[in-house]
Amino acid sequence: MLRRFRDVIRLGPVKVGTADDRRGRTKHTAACTAPRCGFSAEYDTRSAAELAARTHRCPAR
Ligand SMILES: [Zn+2]
């Protein structure tokens, strides 16, 4: 995660954070912290990102 995130929470192994991109749009990112997983995705809404984090089935576990 290279950008600055705010409101970072952890749901299981997945972190969800909110950040503004260079065009000023708000993006919500879900990123798994498990070293062998690599899951990371951006969503338009916070609830979508949190849902993805909750339902993430981590292959590294
Ligand atoms: Zn994972």
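Residue -14 is where the sequence shown starts when you use the numbering used here, and the numbers rise one by one after that.
We put the CB at the ideal spot given by N, CA and C, even for glycine.
Check                                                                                                                                     : Outcome
With respect to the alpha helix (DSSP H) encompassing arginine 31, which residues constitute its N-terminal and C-terminal limits?        : 31 to 40
For arginine 37 versus alanine 15, is the C-beta spacing smaller than 8 Å?                                                                : Looking at the sequence shown, residue 37 is not arginine but alanine. A contact, by the Cβ cut-off of 8 Å.
Would you grab the beta carbon distance between alanine 34 and valine -7 for me? Rounded to a whole angstrom, and I think it's under 8 Å. : The Cβ separation is near 11 Å, so there is no contact.
From the DSSP output, which residues share a beta bridge with cysteine 113?                                                               : Not covered by the structure: residue 113. The range shown for the chain is -14 to 46.
Would you say proline -2 touches ligand 1, meaning its beta carbon is less than 7 Å from a heavy atom?                                    : yes
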